[in-house]
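Residues in the sequence shown are numbered from 4 upward in steps of one, following the numbering used here.
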Amino acid sequence: MNTPSSPADAGPNANRNAAVAISYDESDGAPRVVAKGYGQLADTIVRAAEENGLYVHESRELVGLLMQVDLDAHIPPQLYVAVAELLAWLYRLESRDIPQAARPEIST
Numbered sequence: 004m005n006t007p008s009s010p011a012d013a014g015p016n017a018n019r020n021a022a023v024a025i026s027y028d029e030s031d032g033a034p035r036v037v038a039k040g041y042g043q044l045a046d047t048i049v050r051a052a053e054e055n056g057l058y059v060h061e062s063r064e065l066v067g068l069l070m071q072v073d074l075d076a077h078i079p080p081q082l083y084v085a086v087a088e089l090l091a092w093l094y095r096l097e098s099r100d101i102p103q104a105a106r107p108e109i110s111t
């Protein structure tokens, strides 16, 4: 996978807004790219996420890398750390929003 070194190297879509949606199912092994697009399609992806209460994270660099992943493909191992950090942060953020009584009990 070739990665652009800067947004200017990303090709003709470098200055357009872009969006990538990823989904993670623990039984799937790795997150998957489930939607991606530029321009109006990117706006639609972001709007759909927001309307469904999903978190929207802005990272031009990560989006540029994820745009190179085929639709419905798992993210490549080179992006595991970046995506894992984002997902871990998101899980921590979501756990703060869940009332204590609604949190699952974890036995140690």
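C-beta atoms are modelled at their ideal positions from N, C-alpha and C, and glycine is treated no differently.
On a predicted model such as this, the values are computed, not experimentally measured, just so you know.
Asked, Found
"Stretch pair the segment 66 to 80 + the segment 35 to 46: three plus CB contacts closer than 8 angstroms", "yes"
"Residue span of the beta strand (DSSP E) that contains residue 33, given as start and end", "Taken as a continuous stretch (DSSP letters only), residue 33 belongs to no beta strand (DSSP E), as it is neither H nor E."
"Local Cβ density within 10 Å of residue 67, reported as buried at 16 or more and exposed below that", "buried"
"Where residue 25 falls: helix, strand or coil (DSSP)", "strand"
"Bounding residues of the alpha helix (DSSP H) (the contiguous stretch that carries residue 66)", "63 to 69"
"For residue 40: DSSP bridge partner residues", "22"
"Member of 99, 98, 21 whose CA lies at the smallest distance from the CA of residue 59", "21"
"Residue from 96, 99, 83 whose Cα sits closest to the Cα of residue 25", "83"
"Residue 42 and residue 19 closer than 8 angstroms at C-beta", "yes"
"Residue environment, residue 45, which counts as buried when at least 16 other CB atoms sit within 10 Å", "buried"
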